[in-house]
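Participant:
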Amino acid sequence: MKLLAVLTLAATTLTSAFAATEFGGMKFHSSMPKVQIDQLKVDLGYLYNTPVTRPDPIFMGTAQVTKGDGPNMHNWLVNRVRYIVGESYQLDDRTVLQTSGYKFPNTPLPDAFSSMQADGEKSKENKPVVVMSNLGGAVYLMGKQANVLLGVNFDGEKVMLTSARVGLLQVGEGLFLPRFLLNPDVNAPANSISRLGTLFHEARHSDGNGKSNSFTHDICPPNHPYKGAAACEFSVNGSYTVGGLSEKHMLMNCTKCSEKELGALTVKVADSLNRILKLTPDAKRFVIQTQIDQKKQTIEQYKAMRPSQKPDVQAEIDAEIKNLEARIAQLENDKRNVPSNMPSKNIILDPRPEGQWQAISLQASQQMMDRSLKIRK
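Numbering (mature numbering (1 follows the signal peptide of the UniProt record, and there is no 0)) for the sequence shown: -19 to -1, 1 to 358.
(1) How would you write the range of the alpha helix (DSSP H) that residue 79 sits in, first residue to last?
(2) Who are the Cβ neighbours of residue 181 in its own chain at under 6 angstroms, not counting the five residues just before and after it?
(3) Could you tell me the alpha carbon to alpha carbon distance between residue 137 and residue 149, rounded to whole angstroms?
(4) Do you know how far the Cα of residue 263 is from the Cα of residue 158?
(5) When the Cα atoms are used, what is the spatial distance from residue 355 to residue 212?
(6) Which value, in whole angstroms, describes the spacing of the CA atoms of residue 83 and residue 175?
(7) By how many angstroms is the C-alpha of residue 266 removed from the C-alpha of residue 147?
(8) Going by C-alpha distance, which of 351, 251, 243 and 258 is nearest residue 164?
(9) Go ahead and label residue 61 buried or exposed: buried means 16 or more other beta carbons lie within 10 angstroms of its beta carbon, across all protein chains shown.
(10) Ordered along the chain, which non-local residues of its own chain (more than five positions away) have a Cβ less than 6 angstroms from that of residue 321?
(11) If we count the other Cβ atoms within 10 Å of its Cβ and call it buried at 16 or more, is residue 183 buried or exposed?
(12) Can you tell me whether DSSP reads residue 217 as helix, strand or coil?
(13) Work out the CA separation of residue 348 and residue 8 for me, nearest whole Å.
(14) If you compare alpha carbons, which of 275, 298, 274 and 293 is closest to residue 285?
(15) Is residue 96 helix, strand or coil by DSSP?
(16) Express the C-alpha separation of residue 111 and residue 200 in angstroms, rounding to a whole number.
(17) Assign residue 9 to one of three DSSP states: helix, strand, or coil.
(18) Rounded to whole angstroms, what's the CA-CA distance from residue 154 to residue 20? Just pull it up for me.
(19) Tell me where the alpha helix (DSSP H) around residue 329 begins and ends.
(20) How about residue 189 and residue 335: are their beta carbons less than 9 angstroms apart?
(21) What's the gap between the Cα of residue 120 and the Cα of residue 283?
(22) Rounded to whole angstroms, what is the Cα-Cα separation between residue 311 and residue 206?
(23) Can you tell which of 72, 269 and 232 has its C-alpha closest to the C-alpha of residue 173?
(24) Using 9 angstroms as the threshold, is the C-beta distance between residue 247 and residue 279 below it?
(25) Take residue 196 as the anchor and find which of 115, 230 and 143 has the nearest alpha-carbon.
(26) Measure from the alpha carbon of residue 41 to the alpha carbon of each residue in 274, 126, 339 and 229, then state which is nearest.
(27) Between residue 25 and the rest of its own chain, which residues show a CB-CB distance below 6 angstroms, the 5 nearest in sequence each way excluded?
(28) Let's see if you can read the secondary structure: which residues bound the beta strand (DSSP E) around residue 20?
(29) Could you check if residue 151 is buried or exposed, using at least 16 other CB atoms within 10 Å of its CB as the buried criterion?
(30) Below 8 angstroms on the Cβ atoms is my contact criterion, and I expect residue 49 with residue 33 to pass it. Report the Cβ-Cβ distance as a whole number of Å.
(31) Once you ignore the five residues that flank residue 91 on each side, which residues in its own chain have a CB closer than 6 angstroms to its CB?
(32) Would you give the residue range spanned by the beta strand (DSSP E) that residue 66 belongs to?
(33) What does DSSP give as the partner residue(s) for residue 179 in the beta ladder?
(34) Please go through the same chain and pick out, in chain order, the residues whose beta-carbon is closer than 6 angstroms to the beta-carbon of residue 210, but skip the five residues on each side of it.
(35) Compute the Euclidean distance between the alpha carbons of residue 256 and residue 204, then round it to the nearest angstrom.
(36) Would you kindly work out how many angstroms separate the C-alpha atoms of residue 253 and residue 215, rounded to a whole number?
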């Protein structure tokens, strides 16, 4: 995360003319535009209130969620995400705090924590656009490395990062860009599921201890679509797995998503799982099936447009359909031959957090959300 380069150890006076917005146990900083806060409120309300009739046991096992319903998933989030700042929020001598004399756990630092980066896109001007980033985990590790407890001024509240579980996230305009919408209505369930998947991804970075602290990303190998970027994982229970499987869990229970939206969400899930460098058999089959479905859709599109084309173009379409059918047959064979007992060297990281934080019970988070939803009405 390049933002860490501007961290300072200078103390600052807590002053603020603004107040944070609270919703469902989370606090939104005044640097966040109201429209973004309102959309995240809709997303969290959707998560909390949507009935779950088809829970995904793989997601529940990976995230260690006892029940896959809305209140339990919300509780999982609020125990990892408490404070959210906007894209304009800067870590500098006005916002960064320090306290000496704090005793950090005697555990090693993650090997790759220096390469932690914000999940982002590039705009047309080639400037970084923040989607979402777990600042808390990075700031905690920076403080631990320097043996100085760091914190932030959060609209006048002194928030010390005594653990990644304190839960400090940054959300930017990238999360709400029109090109990422699956439905023109920004508050449509499919869009909520997509944004919530990113939230679950970043929330996972609040977990871990020692070498697993903050579940840092790994560099993608040369033969990977994201080669050279810190956008892959060797672990099978990291942020890409949790984020992707959370979306799969939610899309399986979305009764208002269109087939097109479900297809787009499925592709997004497959992209997350494809970042796991050594896939599990289930994830491998899922990725292959997604590739098969995409090619079948392309064939249908070719067939629909064929009658209106000239003979030479029709011949090209026929040849392309034949190639796609051959590729589908190969993929089907690959899927069948994925062994259930395939030896796996995938790493399972310890998700138990380190440091000091205050856990929120299911009953407490339900009361917080019920109160927030009542006020919103």
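C-beta: ideal position from N, C-alpha, C; glycine also.
Facilitator: To lay it out plainly:
(1) Stepping through the sequence shown from its first residue, residue 79 is reached at position 98. Run containing residue 79: none in the alpha helix (DSSP H); it sits in the beta strand (DSSP E), 77 to 80.
(2) Against the sequence shown, residue 181 aligns to sequence position 200. Excluding positions up to five away in sequence, the list reads 223, 224 and 227.
(3) In the sequence shown, counting from the first residue as 1, residue 137 sits at position 156. In the sequence shown, counting from the first residue as 1, residue 149 sits at position 168. In a straight line, the C-alpha of residue 137 is about 15 angstroms away from that of residue 149.
(4) Taking the sequence shown and counting its residues from 1, the one referred to as residue 158 is at position 177. Taking the sequence shown and counting its residues from 1, the one referred to as residue 263 is at position 282. Going from the Cα of residue 158 to the Cα of residue 263 covers about 32 angstroms.
(5) The residue given as residue 355 occupies position 374 in the sequence shown. The residue given as residue 212 occupies position 231 in the sequence shown. About 39 angstroms.
(6) By 1-based counting over the sequence shown, the position of residue 83 is 102. By 1-based counting over the sequence shown, the position of residue 175 is 194. The C-alpha of residue 175 is placed about 39 angstroms away from the C-alpha of residue 83.
(7) For this step, residue 147 is matched to residue 166 along the sequence shown. For this step, residue 266 is matched to residue 285 along the sequence shown. Going by the C-alpha atoms only, they are around 36 angstroms apart.
(8) Translated into the one-based positions of the sequence shown, residue 164 becomes position 183. Selection 351, 251, 243 and 258 evaluated against residue 164 yields 243 as nearest (Cα-Cα).
(9) Residue numbering aside, residue 61 sits at position 80 when the sequence shown is read from its first letter. The C-beta of residue 61 has 16 or more other C-beta atoms within 10 Å across all chains shown, which makes the residue buried.
(10) What you label residue 321 is simply residue 340 of the sequence shown in a count that begins at 1. Taken in chain order, the residues that qualify are 262.
(11) Along the sequence shown, read from residue 1 onward, the residue named residue 183 stands at position 202. Per the 10 Å Cβ criterion, buried.
(12) The residue labelled residue 217 in the question sits at position 236 within the sequence shown. Note: residue 217 maps to coil in three-state DSSP.
(13) Looking up residue 8 in the sequence shown gives position 27. Looking up residue 348 in the sequence shown gives position 367. Spanning the two alpha carbons is a distance of roughly 15 angstroms.
(14) The residue given as residue 285 occupies position 304 in the sequence shown. Closest by C-alpha distance to residue 285, out of 275, 298, 274 and 293, is 298.
(15) On the sequence shown, residue 96 is found 115 positions in, with the first residue counted as 1. Any reading at residue 96 must be qualified, since the residue scores a pLDDT of 38, below 50, and its modelled position is unreliable; no value is offered.
(16) For the purposes of this step, residue 200 is taken as residue 219 along the sequence shown, with counting starting at 1. For the purposes of this step, residue 111 is taken as residue 130 along the sequence shown, with counting starting at 1. Going from the Cα of residue 200 to the Cα of residue 111 covers about 19 angstroms.
(17) As a working note, residue 9 is residue 28 in the sequence shown. Note: residue 9 maps to strand in three-state DSSP.
(18) Here residue 154 refers to the residue found at position 173 when the sequence shown is read from its first residue. Here residue 20 refers to the residue found at position 39 when the sequence shown is read from its first residue. Roughly 12 angstroms separates the two Cα atoms.
(19) Here the question's residue 329 lines up with position 348 in the sequence shown. Following the DSSP letters along the chain, one finds residue 329 in no alpha helix (DSSP H), marked with neither H nor E.
(20) In the sequence shown, residue 189 corresponds to position 208, counting from 1. In the sequence shown, residue 335 corresponds to position 354, counting from 1. Contact: yes.
(21) Translated into the one-based positions of the sequence shown, residue 120 becomes position 139. Translated into the one-based positions of the sequence shown, residue 283 becomes position 302. For the pair residue 120 and residue 283, the Cα-to-Cα distance works out to about 51 angstroms.
(22) Taking the first residue of the sequence shown as 1, we reach residue 311 at position 330. Taking the first residue of the sequence shown as 1, we reach residue 206 at position 225. Their backbone Cα atoms lie some 21 angstroms apart in a straight line.
(23) Counting from one through the sequence shown, the residue named residue 173 turns up at place 192. The shortest CA-to-CA distance from residue 173 to any of 72, 269 and 232 is the one to 232.
(24) For this step, residue 247 is matched to residue 266 along the sequence shown. For this step, residue 279 is matched to residue 298 along the sequence shown. No. Outside cutoff.
(25) As a working note, residue 196 is residue 215 in the sequence shown. That would be 115, whose Cα lies nearest to the Cα of residue 196.
(26) For the purposes of this step, residue 41 is taken as the residue at position 60 of the sequence shown. Nearest option by C-alpha distance: 229.
(27) One-based indexing of the sequence shown puts residue 25 at position 44. For residue 25, where only same-chain residues beyond five positions count, the Cβ hits under 6 angstroms are 5.
(28) Within the sequence shown, numbered from 1, the residue matching residue 20 stands at position 39. Per DSSP, residue 20 belongs to no beta strand (DSSP E); it is in the alpha helix (DSSP H), 15 to 30.
(29) Taking the sequence shown and counting its residues from 1, the one referred to as residue 151 is at position 170. With 16 or more Cβ atoms within 10 Å of its Cβ, residue 151 is classed as buried.
(30) One-based indexing of the sequence shown puts residue 49 at position 68. One-based indexing of the sequence shown puts residue 33 at position 52. Contact between residue 49 and residue 33 holds: CB atoms are separated by about 5 angstroms, below the 8 angstroms threshold.
(31) Start at 1 with the first residue of the sequence shown, and residue 91 comes out as number 110. Within the same chain, 192, 194 and 197 come within 6 angstroms of residue 91 by CB-CB distance, once the 5 residues on both sides are set aside.
(32) Translated into positions along the sequence shown, residue 66 becomes position 85. Residue range 64 to 66 is occupied by the beta strand (DSSP E) that includes residue 66.
(33) The residue you call residue 179 lines up with position 198 of the sequence shown. For residue 179, no pairing in a beta bridge is given by DSSP.
(34) For this step, residue 210 is matched to residue 229 along the sequence shown. Leaving aside the five residues that flank residue 210 on each side, the residues in its chain whose CB is nearer than 6 angstroms to its CB run, in chain order, 201.
(35) On the sequence shown, residue 256 is found 275 positions in, with the first residue counted as 1. On the sequence shown, residue 204 is found 223 positions in, with the first residue counted as 1. The alpha-carbon atoms of residue 256 and residue 204 are separated by roughly 12 angstroms.
(36) Reading the sequence shown from its first residue, position 272 is the one you call residue 253. Reading the sequence shown from its first residue, position 234 is the one you call residue 215. Roughly 13 angstroms between the two C-alpha positions.
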